[in-house]
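Notes for the one structure printed next.
Residue numbers (our numbering): 545 to 719.
Encoded structure:
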């Protein structure tokens, strides 16, 4: 559907466009990857973590966007994984956004970041929340809040840039 998960894929593609065209040398390599079979038990991300293309010890963090298109200002953007590294506090320091957001410490969850968390990789997970059209035919493009989605992607870019200014983030178990 338009929100699950075309909105997350659109966010991934926009971030890949931004980082490939920003004319900066990034201090870390960026791997943009989309996984399949999340609803079947995180099969794609679990496979990647079990058979990574680079040692997981070298992975700075995992950033996941899943269903970021139905922003509701009363709820705000949920950002999970805040407790998975003691460094997230400094990454978020002085970060403001036109969208309201709140953080959650948990690293576990029903999306692909869970596989990385279980492999001791710090994670962040962006999600605008469930809605009546979840996994239903009514998850249509006209219900997406495109302005808020662009603001959410910009927030993600700022957080990634802040995180890349730091040494490799330490992993902290957070249940």
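Note that the Cβ used here is the ideal one computed from N, Cα and C, for glycine as well.
All figures in this text were calculated on a predicted structure; none of them were measured in a lab.
CB of residue i within 8 Å of CB of residue j, strictly
i	j	result
residue 646	residue 612	no
residue 716	residue 629	yes
residue 657	residue 608	yes
residue 556	residue 579	no
residue 673	residue 618	no
residue 698	residue 614	no
residue 677	residue 687	yes
residue 598	residue 659	no
Element boundaries [beta strand (DSSP E), containing residue i]
i	result
residue 608	606 to 609
Residues bridged to residue i (per DSSP)
i	result
residue 667	606
residue 576	Residue 576 pairs with nothing; no bridge assigned.
Assigned secondary structure, residue i (DSSP; H/G/I helix, E/B strand, else coil)
i	result
residue 646	strand
residue 622	strand
residue 587	helix
residue 542	Since the first residue of the chain shown is 545 and the last is 719, residue 542 is not available in this structure.
residue 676	coil
Continuous alpha helix (DSSP H) stretch holding residue i: start and end
i	result
residue 659	657 to 662
residue 563	552 to 565
residue 652	Unbroken run through residue 652: none, as it is neither H nor E.
For residue j and residue i, believed in contact at Cβ under 8 Å, the rounded distance
i	j	result
residue 731	residue 639	Summary: the structure shown does not reach residue 731, with the chain confined to residues 545 through 719, and so no result is reported for it.
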